[in-house]
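**Student:**
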Amino acid sequence: MTVVHTFTQLHDEPIDHNGSLGWPLIGETPDFLRAGQNGEPHKFIRERMDKHDSRVFKTSLLGEPMAVFCGQETSSCLATRISWSPLVTATGDEAKRMRRMLMTFLNPDALRSYVERMEIVTQQHISTHWDGSRTKSLLYYNRVNYKGKEEVRVFPIVKLYTFELACRLFTSIDDPSHISKLAAQFNVFLKGVIDLPINLPGTTFYHAMRAANAIREELQVIATQRRVDLEEKKASPKQDLLSHLLATADASGKFLTEMEIIDNILLLLFAGHDTTRSAITLLMRYLGDLPQVYEKVLKEQIDIAMSKEPGELLQWEDIQKMRYSWSVVSEVMRLSPPASGAFREALTDITYAGYTIPRGWKLYWSTGSTQRDQTFFQNPEEFDASRFEGAGPTSYSYVPFGGGPRMCPGQEFARLQILVFLHNMVKRFRWDLLIPDENFGYNPMLAPSKGLPIRLRPHKFEA
Ligand code: HEM
């Protein structure tokens with residue numbers, strides 16, 4: 001007979017029976033955040049899996065009682081996510097409608113047309129910020145111990161890159177000072193994304209909400225001007241995401257409201273740059289640490305570069321040839337997922353692993369604990385890119401982009417951006433890690449505590 005426990009009933013049972021709600025109000029938030037800051041949220045989860053139940057347990061995080069899902073299928077079975085954007089909070093048909101609109105901008109057919117633009121931005125970025133002879137403006141900010149000309153901190157520079165690319169491709173904001181101003185507001189906003197939601201003057205959350213409103217106001221000015229430009233045919237409906245959302249109606253002829261458009265662009269600027277920044281920084285770290293893997297990536301990228309005319313830009317077909325490189329990126333994201341998981345809310349009662357989780361409960365699923373599960377990955381702690389050859393890992397065991405109907409819609413965009421960057425970096429540089437055992441922590445994405453200082457070694461290859 002299957003026993004179905006309910007989490008509400010468990011409140012009345014001994015506190016360590018299937019989880020603990022911890023302290024009043026703060027619950028287990030400090031332990032959870034501390035584990036994340038040490039880059040080991042899976043340890044917070046593993047300890048409780050061992051103590052309570054390996055599939056699901058209860059806790060209290062960020063002011064809410066919460067069910068934490070640990071198994072393979074968890075990311076596919078949960079209900080809506082908790083957040084501040086209409087795409088993310090929308091459910092059912094509304095969520096599908098918004099997602100369809102975004103996917104027409106993010107699907108592989110549309111992405112084909114961005115490859116050249118992405119590479120132009122990437123090459124300009126590398127020449128400006130990584131090439132030692134031209135990086136004067138960033139000298140004091142990003143350089144460490146300026147002895148030779150090629151010692152840099154990866155994390156802050158990659159942020160400039162991913163944010164600039166998102167601004168340029170989503171909104172056509174090209175002016176560097178405008179991009180820097182938005183980037184500063186985003187930093188404040190990001191700090192409050194994972195924090196206790198106490199909206200009182202002085203709290204991180206309060207500042208984050210103010211920063212989000214300031215960004216919204218900026219985007220509103222741009223959107224209003226763009227609507228005029230579109231009407232006067234001074235802008236193209238395919239120019240960027242903003243034009244696309246303003247000019248495209250859904251199947252029933254309905255357009256998104258201006259607020260929905262602004263919130264979705266805010267969401268994509270947020271979701272589309274900090275995660276990718278983390279992934280690229282981690283990739284640089286692993287390649288700096290594993291020279292034999294770097295050499296294989298370099299060989300693949302040089303073969304592609306040699307197959308092209310001098311100066312010819314990458315095409316979609318070139319990206320498809322980067323198989324080994326993508327396996328390496330995938331293994332990096334298995335061992336060190338940029339996002340530690342996602343929060344959601346049960347819209348109806350959910351039965352999972354013999355427990356009923358009542359409607360309204362908050363839910364959390366964890367990337368790291370699933371991706372290090374030895375049921376699915378032999379020697380899970382070992383770096384082995386060949387896991388991704390052939391059919392690759394079983395469904396829902398590899399979830400850096402989530403899974404199921406709410407899976408990350410930007411995964412192809414991210415793949416393109418990471419591979420275009422990788423191609424251009426390895427063609428020009430090898431690098432050494434200056435702090436080989438540097439700590440990485442979640443804040444809210446996985447980030448190096450000292451910014452990942454490296455010594456760049458330019459090499460001779462030029463296509
Ligand atoms: C390496 C880079 C990235 C990683 C690791 C990543 C990871 C994730 C994860 C784990 C989720 C939650 C999925 C779930 O709950 O099932 C998510 C959602 C999302 N991501 Fe990404 N992401 C990345 C890049 C991007 C990019 C480049 C974009 C946009 C261009 C993007 C847009 C979004 C959006 C809009 C959502 C919310 C989807 C929804 O609610 O339906 N992401 N991402």
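Counted from 1, the sequence shown has number 174 at position 174 by the numbering used here; the numbering is strictly sequential.
For glycine and all other residues, C-beta sits at the position ideal for the given N, C-alpha and C.
Do three or more CB pairs link the region 415 to 431 to the region 343 to 352 at distances below 8 Å?
**Tutor:** Flag = no, the region 415 to 431 and the region 343 to 352 do not touch.
**Student:** Under 8 Å, with one C-beta from each stretch per pair, do the region 245 to 258 and the region 293 to 311 reach the 3-pair mark?
**Tutor:** Flag = no, the region 245 to 258 and the region 293 to 311 do not touch.
**Student:** Look at L282 and V332 and say whether their C-beta atoms are less than 8 Å apart.
**Tutor:** Contact: yes.
**Student:** Give every residue of the same chain whose Cβ lies closer than 8 Å to the Cβ of M445, excluding the five residues on either side of it in the sequence, and list them in chain order.
**Tutor:** Excluding residues within five positions, the ones whose Cβ falls inside 8 Å are D274, T275, R277, S278, P338, A339.
**Student:** At a Cβ threshold of 8 Å, is A208 touching chain C?
**Tutor:** Among the chains of the structure shown, chain C does not appear; only one protein chain is present.
**Student:** Would DSSP call W23 helix, strand or coil?
**Tutor:** The answer is strand: DSSP assigns W23 an E or B state.
**Student:** Can you name, in chain order, every residue of its own chain whose Cβ lies under 7 Å from the Cβ of H42, other than the five neighbours on each side?
**Tutor:** Around H42: S366, G368, S369, R372.
**Student:** Sort out for me which residues DSSP pairs A67 with in a bridge.
**Tutor:** Partner(s): K58, L363.
**Student:** Between T275 and the ligand HEM, is the CB less than 7 Å from at least one heavy atom?
**Tutor:** Flag set: Cβ of T275 near the ligand HEM.
**Student:** For the alpha helix (DSSP H) holding Y352, just list the boundary residues, first then last.
**Tutor:** Per DSSP, Y352 belongs to no alpha helix (DSSP H); it is in the beta strand (DSSP E), 350 to 352.
**Student:** Where does G288 sit, in a helix, a strand or coil, going by DSSP?
**Tutor:** It is helical.
**Student:** For the ligand HEM, is there any heavy atom lying closer than 7 Å to the beta carbon of F413?
**Tutor:** F413: yes, Cβ under 7 Å from the ligand HEM.
**Student:** Spatial neighbours of G27 within its chain, please: CB distance less than 7 Å, with the 5 preceding and 5 following residues excluded, ordered by chain position.
**Tutor:** Only L21, T59, S60, L61 meet the Cβ criterion.
**Student:** Let me know the secondary structure DSSP gives D437 once reduced to three states.
**Tutor:** Note: D437 maps to coil in three-state DSSP.
**Student:** In the structure shown, what three-state DSSP assignment does L456 receive?
**Tutor:** Residue state, collapsed to three classes: strand.
**Student:** Report the residue from F186, R334, D31, G202 whose alpha carbon sits nearest the alpha carbon of F401.
**Tutor:** Nearest C-alpha to F401: R334.
**Student:** Where are the alpha helix (DSSP H) runs, 4 residues long or more, that stay fully inside the region 312 to 338, in chain order?
**Tutor:** The qualifying runs are 316 to 320, 323 to 335.
**Student:** Tell me whether P444 sits in a helix, a strand or coil according to DSSP, three-state version.
**Tutor:** Looking at P444 - three-state DSSP - the assignment turns out to be coil, as it is neither helix nor strand.
**Student:** Quick one: measure Cβ to Cβ for L165 and V121, integer angstroms, because I've assumed they're closer than 8 Å.
**Tutor:** The pair is a contact, with the Cβ atoms about 5 Å apart (cut-off 8 Å).
**Student:** Mark L452 as exposed unless 16 or more other C-beta atoms lie within 10 angstroms of its C-beta, in which case mark it buried.
**Tutor:** Buried: at least 16 other Cβ atoms inside 10 Å.
**Student:** Throw me the rounded Cβ distance for the H423 and L290 pair, which I believe falls under 8 Å.
**Tutor:** That pair is no contact at about 18 Å.
**Student:** Between H459 and the rest of its own chain, which residues show a CB-CB distance below 8 Å, the 5 nearest in sequence each way excluded?
**Tutor:** These residues qualify, in order along the chain: R428, F429, R430.
**Student:** Please state the DSSP three-state secondary structure of D229.
**Tutor:** Correct three-state label for D229: helix.
**Student:** Given a threshold of 16 other Cβ atoms within 10 Å of its Cβ, counted over all protein chains shown, does P310 qualify as buried or as exposed?
**Tutor:** Per the 10 Å Cβ criterion, exposed.
**Student:** In the DSSP assignment, what are the bridge partners of F170?
**Tutor:** Bridge partners of F170: none, in fact.
**Student:** Sorry if obvious, but does the Cβ on F401 come closer than 7 Å to a heavy atom of the ligand HEM?
**Tutor:** Checking every heavy atom of the ligand HEM against the Cβ of F401, one is found closer than 7 Å.
**Student:** By a C-beta neighbour count over all protein chains shown, 10 Å radius and 16 as the cutoff for buried, is K362 buried or exposed?
**Tutor:** K362 is buried by the Cβ-count criterion.
**Student:** In whole angstroms, what is the alpha-carbon distance linking Y396 and G404?
**Tutor:** If I take the Cα positions, the gap works out to 8 Å.
**Student:** Rounded to the nearest angstrom, what separates S137 and T128 at their Cα positions?
**Tutor:** Note on S137: pLDDT 42, under 50, position unreliable in the model; no value is reported.
**Student:** Kindly indicate which three-state DSSP category T356 falls into: helix, strand or coil?
**Tutor:** DSSP places T356 in strand when its eight states are reduced to three.
**Student:** Buried or exposed: G390, going by 16 or more other Cβ atoms within 10 Å of its Cβ?
**Tutor:** Its Cβ having fewer than 16 others within 10 Å, G390 is exposed.
**Student:** Can you tell me whether DSSP reads G341 as helix, strand or coil?
**Tutor:** Of the three classes helix, strand and coil, the one that applies to G341 here is strand, per DSSP.
**Student:** For H125 and L169, what's the separation of their Cα atoms in angstroms?
**Tutor:** Near 14 Å, if we compare the C-alpha coordinates of L169 and H125.
**Student:** According to DSSP, which residues form a beta bridge with W431?
**Tutor:** W431 pairs with L456.
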